[in-house]
Amino acid sequence: MSLKETLQKDLIEAMKARNEAGTGAIRMLKTAIMKFETAGEKKVATDEDILQLINKEIKQRKDSIEQFEKGNRPELAAIEKGELAFLQKYMPEQMGEDEIKAIIKEGIATTGASSKADMGKVMGVIMPKVKGKADGGLVNRLVQEMLA
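So in the working numbering, spot 21 of the sequence shown is number 394, and the numbers just go up one at a time.
The structure is reproduced here in structure tokens:
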């Protein structure tokens, strides 16, 4: 079953269960998928495209949570947290710091990087390996630490 079909099935289940966070999250995601498919040339979103859209939605939720908490709006932050938790179940299991560090060491050895000036080379080698499995900000921070 494709991810698109899974989302449709989960939307129906969330609606039947009256799960507002799940229903809202999937509806927003389905809208993002529809925009992706109709923007420019018509195309069908693959599972990889949908995972990228989910990742984008997750980043938006995290940003919204941060902003709502700064603005002292815990009720709105709670809604975003519910949607975030629902969206994260579609993402592949995230890598731990130790796994990421091992990949970074391998990337540094492959590129021969020795300073922060070589960070772009290292990131270019690492990111395809951790795409969707690790937060880009975390990877960036760990690379900076290891090249310092």
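For every residue, glycine included, the Cβ atom is placed at its ideal position computed from N, Cα and C.
- Counting every other CB atom within 10 Å of its CB across the protein chains shown gives I385 a total below 16, marking it as exposed.
- The three-state secondary structure of G455, taken from DSSP, is helix.
- For a cut-off of 8 Å, the C-beta gap from A521 to K489 is around 7 Å, short enough to register as a contact.
- If you draw a 10 Å sphere on the C-beta of D383, you find 16 or more other C-beta atoms in it, and that means buried.
- For Q440, the uninterrupted alpha helix (DSSP H) run begins and ends at D420 to K443, by DSSP.
- Taking C-beta atoms as the reference points, I431 and L376 fail to come closer than 8 Å.
- DSSP, read as helix, strand or coil, puts A390 in coil.
- Here the C-alpha atom of D491 lies approximately 33 Å from the C-alpha atom of D420.
- The residue among G469, K454 and E466 with its C-alpha nearest the C-alpha of G397 is K454.
- In the structure shown, D508 adopts coil according to DSSP, grouped into three states.
- About 10 Å separates the beta carbons of I473 and M519, which is beyond the 8 Å limit, so they are not a contact pair.
- Residue state for M492 is assigned as helix, using DSSP reduced to three classes.
- A482 carries a helical assignment under DSSP once its states are collapsed to helix, strand and coil.
- Take A418, set aside five residues on each side of it, and the residues of its chain with a beta-carbon closer than 6 Å to its own are I406, F409 and E410, in chain order.
- When rounded, the separation of the alpha-carbon atoms in V503 and A394 is 28 Å.
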